[in-house]
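According to my numbering, the residues represented by the sequence shown are 686 to 974, in order.
Just so it is clear, CB atoms sit at the ideal spot from N, CA and C, and this is done for glycine as well.
Predicted, not measured: the structure shown is a model, and the values here were computed from it.
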Amino acid sequence: MGFAADGIEISKPLLSATELEHLNLEIDDLAQFVTLNGHFGRTYVNDRHSTLAFPALIKSVNLFALLSRSIDFMKQAIPDFEAQQYVVTDVDFWFDEKCDDYLFWHRDCDKEGAIIRCFICVQGGEEDSGKFRYMRGSHKINDHDYRLSDEQVAKLTPAIVDCNDAAGALIFCDVKGYHSRFPITNGIRRTIYFQLHSKTRTTTDDITASRILLPSSSITPDVLKNLDYFLFPQEGLLHSAGWEHSSRQTAKMPEKLLDLSKLENRRGWLRTILSRGKSALLRRLRRPA
Ligand SMILES: O=C(O)CCC(=O)C(=O)O
Ligand SMILES: [Fe+2]
Numbered sequence: 686m687g688f689a690a691d692g693i694e695i696s697k698p699l700l701s702a703t704e705l706e707h708l709n710l711e712i713d714d715l716a717q718f719v720t721l722n723g724h725f726g727r728t729y730v731n732d733r734h735s736t737l738a739f740p741a742l743i744k745s746v747n748l749f750a751l752l753s754r755s756i757d758f759m760k761q762a763i764p765d766f767e768a769q770q771y772v773v774t775d776v777d778f779w780f781d782e783k784c785d786d787y788l789f790w791h792r793d794c795d796k797e798g799a800i801i802r803c804f805i806c807v808q809g810g811e812e813d814s815g816k817f818r819y820m821r822g823s824h825k826i827n828d829h830d831y832r833l834s835d836e837q838v839a840k841l842t843p844a845i846v847d848c849n850d851a852a853g854a855l856i857f858c859d860v861k862g863y864h865s866r867f868p869i870t871n872g873i874r875r876t877i878y879f880q881l882h883s884k885t886r887t888t889t890d891d892i893t894a895s896r897i898l899l900p901s902s903s904i905t906p907d908v909l910k911n912l913d914y915f916l917f918p919q920e921g922l923l924h925s926a927g928w929e930h931s932s933r934q935t936a937k938m939p940e941k942l943l944d945l946s947k948l949e950n951r952r953g954w955l956r957t958i959l960s961r962g963k964s965a966l967l968r969r970l971r972r973p974a
């Protein structure tokens, strides 16, 4: 199975059985953590789906190093990966509880190669616990809607691939392709989730809608090697302030940010500082102790 032809690919496990065990133990603990203000460990999207509030704080596995290894894998597997200038737009950890519903077959984008989603199963993900499903080659279909009709599903059934035995492996797919998952009737599902947007195939607004907390304790040489994948488009620096350009913002821009927007020509300067910092850090980290 190959990404270019099929829209989906699965790597060999990137996490060992021991790493999965340690990660699950840590998550058991983190997911329970409650502060006086309410539930701090998880953010509930609905009663069956929640996300870890601060996935970046996971210690048993460096999620960013794992992401960097995932990027290395995709560079090899996806012929135009570097040309499409992907940028990381999500690093998340999902909890899915019992759910008898069969997620309907859908796509999340109508431009090929624009958005890549990556899933690493930490728990569950089997046939009775939310195994991911994808229709091979359906990222090439241009005339179907967001959601497939029953007739369309029947026609495309031979193309369905089920992501079997995926614990610790990287499942990555083009979300223009149709996908679904099995219901969760037994146990739960825990998934590490990464998303990348192509800078050439999506807009700056799409990309800067998301932010990622990257703690300094996660910055290893492995992470720095792929730091470019965390750099937003230049014009995104102001977009990500969330005021001037976002159509979703209705609030008035505060004076301070208005001043900032006058400094647009300084953005190139900021970028230089960032990349200088990167080479200095790399040099330091590579120096023998
Ligand atoms: O829960 C899943 O595995 C599928 C979620 C989904 O549709 C998506 O990530 O776009
Ligand atoms: Fe989806």
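Beta-ladder partner(s) of GLN880, from DSSP: Per DSSP, ASP775 and ARG802.
Identity of the residue in ILE904, GLY810, ARG896 and ASP781 nearest VAL730 by Cα: With distances taken between Cα atoms, VAL730 lies closest to ASP781.
Residues that DSSP places opposite GLN837 in a beta bridge: As DSSP reads the structure, GLN837 sits in no beta bridge.
Limits of the beta strand (DSSP E) - the one that PHE817 falls within: Bounds of the beta strand (DSSP E) holding PHE817 are 817-820.
Ligand 2 heavy atom lying under 7 Å from the CB of HIS791: Yes; taking the cut-off as 7 Å, the Cβ of HIS791 has a heavy atom of ligand 2 nearer than that.
In DSSP terms, what VAL846 is bridged to: When DSSP reads this structure, VAL846 sits in a beta bridge with TYR819.
Bridge-paired residues (DSSP) for PRO698: Looking at the DSSP assignment, PRO698 forms a beta bridge with ALA854.
Same chain only: Cβ atoms within 6 Å of GLN770, ignoring 5 sequence neighbours per side: Contacts found: LYS884 and THR885.
The alpha helix (DSSP H) enclosing ARG754, as first and last residue numbers: Segment 748-762, the alpha helix (DSSP H) holding ARG754.
C-alpha gap between LEU841 and ILE904, whole angstroms: One C-alpha to the other measures close to 43 Å.
Nearest-angstrom beta carbon gap, ILE856 and PHE817 [assumed within contact, 8 Å]: That belief holds up - the Cβ atoms of PHE817 and ILE856 are roughly 6 Å apart, short of 8 Å.
Status (buried if at least 16 other CB within 10 Å, exposed otherwise) for TYR831: Under a 10 Å Cβ-count criterion, TYR831 is classified as exposed, with fewer than 16 other Cβ atoms of the shown protein chains found around its own Cβ.
DSSP-derived helix/strand/coil call for PHE718: When DSSP states are grouped into helix, strand and coil, PHE718 belongs to the coil group.
Chain C contact for SER696 (CB, 8 Å cutoff): This model lacks chain C altogether; it includes just one protein chain.
Anticipated Cβ contact below 8 Å, GLY726 with ALA738, distance rounded: With a Cβ gap of about 6 Å, GLY726 and ALA738 count as contacting.
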